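Before any comments, here is the structure.
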Amino acid sequence: MARSTIAAPATAPGRAALAVVRISGPLVREIVTARIGRSLEPRRASFLRWRSLQGEVLDEVVATFWQGPASYTGEDLLELSLHGNPLITRAVLADLALSGVRLAGPGEFTRRALEHGKLSLAQAEAVAAVVDAETRAGLAAARHQLSGGLDVAARALRDRLIEASAYMELETDFAEEEAVPDASAVLPSLRTALDALERLLEDQERLNRQTHSPRVVLAGKPNAGKSSLANALLGQDRLLVSPIRGTTRDWVEIPLMFPEGEVRLVDTAGLGEPSDELDAAAQELTRQELSKAQLVLVLVESGRPLDTQEEALLQPDGREKLLVRTKTDLHPDSSPFAVSARTSQGVEALSLRLRSLLQGEDGFDPSTVALGSARQREHALRAHDDLREALGFARTGQIELSAHCVRHARNSLSDLVGETTPDDLLHSIFSHFCIGK
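Below, the structure written as structure tokens:
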């Protein structure tokens, strides 16, 4: 069946300086000729008037033609840089539809790159990770996977297991012969492969702690200064501040941007004795947010001791806690994190502390080869478990059972890099991509 030609915006919706529309498939050259009356030189940007089928000038564009297979998708590809008005983008797409071009689905351009051998499945998943990265560490890890680092590591492991399988199957087939390698010969290879998989799994856990925006929840009594502190950290009055108790009802999440990425700052309703059913519901939402926090800032006004509830908030429960004394312009305080939203005293020090959440673990290189998705982790875990069983069987001389487990481990590593992937799994993976990527 002939492959269809697809098109989609490759830039975010809305008004901007530019909007990019991608077109890929067998009709690209025909479309170019119909719209501009001539062909385009491959890999060279051309400034021209893009016309509709009826001859109307839709926009002045920069058009770049990529001749397959030397393109992102592996087929003829055209990129149009338009003026960033959504009316223009919609008009161009509507006109393309008259020539039989359909709107691309999520990730369909990258899926075509996979199907044409331009990318492995692990690299295709890394494309989405590059787009979705929330921290510098996450971006570095995604780029490393996009360059093929995980594919190289997984295939090297599989090759090691192929060699081990050859020894074990030889032992099984010629068990009666002399001078044939016994099980002890493959133990080092199996142990090395198992250690490598354990490192991959451990590095993914460490990397996950660095690749997602940290969630920092502001907690405390009503009027402890949570919204005021959030505004001070943001450098603008984004949240409503009032001396009236219970001004904040719903939790509000705000991105706090740093060069290394963003911290998600969550302002919540004050905790205490509920004044009514609405207040009780608001406090329940606060408790739910506390359970999802990486760091909890417990705000207490300076000049008074902590009460029982505030001490309970600071008790260890698996999340990092930090006591922040507020309103130090009214009551000076020498605590490590004492702030005044009114005078900005201590706000910069607290901001640096939040920024440190993005710095990552000491000694961990984000370019380390690591697993980049839950799918990859699942296959790595299967290979790990099979290898652990294979090692146990090999140690007790059960070569045939060990060889069986090693074959399963090899298959899992092949699945990890996507050498055998059913269509329904590909659909699930690419459905989470952006349209136009």
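Residue numbers (the numbering used here): 45 to 481. Yeah, the Cβ is synthetic: ideal placement off N, Cα and C, and Gly gets one too. Since this is a predicted model, take the numbers as computed values, not measurements.
No residue range can be given for K481, since it is assigned to no beta strand (DSSP E) and is classified by DSSP as neither H nor E. In this structure, DSSP gives F381 a state outside helix and strand, which the three-state scheme calls coil. Counting C-beta atoms within 10 angstroms of its own C-beta, K336 has fewer than 16 neighbours from the protein chains shown and is therefore classed as exposed. Annotated three-state conformation of L71 is coil, per DSSP. For the stretch 52 to 115, the full-length beta strand (DSSP E) segments reaching 3 residues or more read 62 to 68, 89 to 95, 101 to 110 along the chain. A straight-line Cα-Cα distance of about 8 Å links A197 and V413. CA-CA distance, A274 to L357, rounds to 19 Å. DSSP places G264 in the uninterrupted beta strand (DSSP E) bounded by 259 to 264. Nearest Cα to L460 within the set A382, N252, L245: L245. The straight-line gap separating the alpha-carbon atoms of A78 and E85 is approximately 16 Å.
Residue pairing from DSSP leaves T372 without any beta-bridge partner.
Residue environment: F437 is assigned as buried (16 or more neighbouring CB atoms within 10 Å of its CB, all protein chains considered). In this structure, R180 is the residue among Y116, L470, R180 with its C-alpha nearest to the C-alpha of G305.
Taking all protein chains in view, the Cβ of T312 is crowded by 16 or more other Cβ atoms within 10 Å, so the residue is classified as buried. Under the DSSP assignment, F437 falls in the alpha helix (DSSP H) whose first and last residues are 418 to 439. Sequence-distant Cβ neighbours of A172 in its own chain, meaning closer than 6 Å and more than five residues away, are F477. Within 10 angstroms of the beta-carbon of T236 lie fewer than 16 other beta-carbons, which makes it exposed. Looking at the DSSP output, I50 bridges to S68, R146. By the criterion of at least three beta-carbon pairs nearer than 8 Å, the stretch 199 to 208 is in contact with the stretch 444 to 454. In this structure, V145 keeps its C-beta atom at 8 Å or more from the C-beta atom of I80.
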